[in-house]
Every structure is written in structure tokens, then in C-alpha cells.
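Position 43 of the sequence shown, counted from 1, bears residue number 203 in my numbering, the numbering being contiguous throughout. Backbone N, C-alpha and C fix where the C-beta goes; we use that ideal spot for every residue, glycine too. Beneath this line is the structure, given in C-alpha cells, with notes to follow.
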Amino acid sequence: MSDYEKWLFTASSTLGLSVLGLMVTILLAYPLAGALALSAQIAAHIGTLVFAVGIKVAYVARLVFLSRLGRPVH
161 MSDYEKWLFT ASSTLGLSVL GLMVTILLAY PLAGALALSA QIAAHIGTLV
211 FAVGIKVAYV ARLVFLSRLG RPVH
């Protein structure tokens with residue numbers, strides 16, 4: 161397994177975890193906000209921003225590694 165394939169796996173895993181984290185923080189920040197303390201609500205809103213950035217960075221990294229491996233980039 162080449163280094164690019166390892167990095168592709170890492171980028172794909174990070175993308176999946178970021179999507180999951182974004183979904184959880186959206187649920188905490190909006191529908192379940194009434195059950196949380198203010199500090200937890202603030203953390204959930206900040207987490208929403210952080211996970212959204214994680215999705216963007218991981219997606220771009222994934223595209224770069226697919227390109228470097230000569231695989232189709234869609």
C-alpha cells in the first residue's frame with residue numbers, strides 16, 4: 161500500500177467522522193437545545209462549525225490523493 165493510499169484512507173475516514181460529528185452537533189444545537197445547559201449549547205454550535213470545516217478539508221484532501229493515484233476524480 162502506497163503512502164497516497166494510506167492518506168486517502170485517512171482522508172476518507174476523516175470525512176465520514178466529520179459528517180457524523182456534524183450530524184450529532186446539529187441535533188444537539190437545535191432540536192435538543194432545550195435539554196442542554198448554555199455552555200453545552202455553545203459547544204454544540206462551535207462543534208458545528210469545526211465539523212463543517214473538517215468536511216471541507218477532508219474532501220479536498222481526498223480529491224488530491226485520488227488525483228495523485230491516477231483515479232477518477234468526480
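Identify, in the order they occur along the chain, each residue of the same chain with its Cβ nearer than 7 Å to the Cβ of residue i, setting aside the five sequence neighbours on each side.
| i | result |
| --- | --- |
| residue 179 | 215 |
| residue 171 | 218, 221, 222, 225 |
| residue 166 | none |
| residue 185 | 204, 207, 208, 211 |
With H, G and I counted as helix, E and B as strand and the rest as coil, what does DSSP make of residue i?
| i | result |
| --- | --- |
| residue 196 | coil |
| residue 162 | coil |
Among residues of its own chain, excluding the 5 on either side of residue i, which ones have a beta-carbon nearer than 6 Å to its beta-carbon?
| i | result |
| --- | --- |
| residue 181 | 211 |
| residue 201 | 193 |
Could you check if residue i is buried or exposed, using at least 16 other CB atoms within 10 Å of its CB as the buried criterion?
| i | result |
| --- | --- |
| residue 168 | buried |
| residue 175 | buried |
- Task: Output the residue ranges of the beta strand (DSSP E) runs that lie fully inside the segment 186-232 and measure 3 residues or longer, sorted by chain position.
- Result: none
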